[in-house]
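Student: In full-length UniProt numbering, the protein residues as written are 1 to 112.
Ideal Cβ placement from N, Cα and C applies to all residues, glycine included.
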Amino acid sequence: MAHRSSSHIRSDLKYLNRDLSPNVTAVIVDDDIFRWEATLIGPVNTRYEGGVFKISLNFPPDFPNNSPKVCFIKKICHPNVSDNGGIYLRVLRADYWHPLSIVKLFKGLVES
């Protein structure tokens, strides 16, 4: 199962870096495909425009069947982000999660 998950994650990483650049990029942390660090550039015409935001993603071995843990690395003032960087999006909650590409997940982050 982990091999299938890692193949899926590698595919998402490749597509993410190709599809959304320069707004979102991601890299693998410590050669562990299940741990990423992403950089999100603040969207134009928002109070976050021009900001550079680092996000950590930790994928479970059975991804995409279960959601990744996603949080901002540094504090950000946003109604959907907790003081410790946790992201309050329904799509990330275990009871609402359905298999979703990482590209769609980041598009949701940018639009929220």
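Looking only at its own chain, which residues have a Cβ that is under 7 Å from the Cβ of V44, when we skip the five neighbours before and after it?
Tutor: The answer is none, since no qualifying residue turns up.
Student: Note down, in chain order, each residue of its chain lying with its Cβ closer than 7 Å to the Cβ of I76, except the 5 sequence neighbours on either side.
Tutor: If we look at I76 and ignore the five residues flanking it on each side, its Cβ neighbours are F53.
Student: Does DSSP put S56 in a helix, in a strand, or in coil?
Tutor: Note: S56 maps to strand in three-state DSSP.
Student: Taking the CB atoms as reference points, tell me whether residue 115 and V70 lie closer together than 9 Å.
Tutor: As displayed, the chain neither begins before 1 nor continues past 112, which places residue 115 out of reach and without an answer.
Student: Give me the DSSP bridge partner(s) of F72.
Tutor: F72 pairs with I55.
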